[in-house]
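Residue numbers (our numbering): 256 to 483. A virtual CB, placed ideally from N, CA and C, is assigned to each residue, including glycine. A short worksheet on the structure shown next.
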């Protein structure tokens, strides 16, 4: 798998001055609120329809909206708990559990996820990396496509590669900057940047490397982390 992406790529530029922890926490909180507000608002809309005496003919639609939005919210919360909170009580993660979390997120994206993971378990940092890389690969395919995620042991390292291929596949400048450890570009959206910067931080702290590169209708994300 090491031939799939040059993990010592020169795109790993010198880092800018570190961003303050309080600002990172604020951006992460805003990112999570943004992810959760859509299904929560849909649930509230469904409840409003149920309570509206003039909309009783839409009761079935309202129940369907509440059920679908409730599932989406539950899947997003479960994913976020591990991807951003790292499920503090767990130190080792089963790839089958991670696949379920990742596929839950992709069920609400236009892209499809191919899970090609060979590792039999992941430590906390690698589990975070797998989920965040999968989500970033899906976000790189706004018009749909296929993201293939591969992860395996390579000697003393865990190697993770996600190849996102599809029409209009793109690597946002703020995502590329975040993965390089650079500050939020002026005028860029912090929701996309903070995830990438957060991944950069914990991968670096674990002694690993991460980078991304864009090609013709294809974006590749790759990371190496010391295997626990």
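Asked	Found
Exposed or buried, residue 292, counting other C-beta atoms within 10 Å across all chains shown (16 or more means buried)?	exposed
Write down the C-beta distance between residue 395 and residue 434 rounded to the nearest angstrom, noting that I regard them as a contact closer than 8 Å.	With a Cβ gap of about 12 Å, residue 395 and residue 434 do not count as contacting.
Are the Cβ atoms of residue 371 and residue 405 separated by less than 8 Å?	yes
Give me, in chain order, the residues of the same chain whose beta-carbon lies closer than 8 Å to that of residue 320; leave out the 5 immediate sequence neighbours on both sides.	297, 298, 300, 301 and 304
Taking the beta strand (DSSP E) that residue 435 falls in, what are its first and last residues?	Residue 435 -> no beta strand (DSSP E), and no H or E assigned at all.
Cβ atoms of residue 376 and residue 486: under 8 Å apart, would you say?	The structure shown does not extend to residue 486, since the chain is modelled only from 256 to 483, so the question has no answer here.
Short check: CB of residue 439 to CB of residue 463, under 8 Å?	no
Grab the span of the beta strand (DSSP E) containing residue 369 for me, first residue to last.	366–372
Tell me whether residue 274 sits in a helix, a strand or coil according to DSSP, three-state version.	coil
Would residue 424 and residue 474 qualify as a contact pair, given that the criterion is a beta-carbon distance under 8 Å?	yes
Within 10 angstroms of its Cβ, does residue 270 collect 16 or more other Cβ (buried), or is it exposed?	For residue 270, the predicted structure reports a pLDDT of 43, less than 50, and the residue's modelled location is therefore unreliable. The matter cannot be settled from this model.
Entirely within the stretch 314–353 and at least 4 residues each: give me those alpha helix (DSSP H) ranges in chain order.	314–338
Out of curiosity, what's the CA-to-CA distance linking residue 437 and residue 452?	8 Å
So, with DSSP's three-state summary, where would you put residue 444?	coil
Restricting to Cα atoms, I'd like to know which of 388, 308 and 403 is closest to residue 418.	403
Under three-state DSSP, which class holds residue 402?	strand
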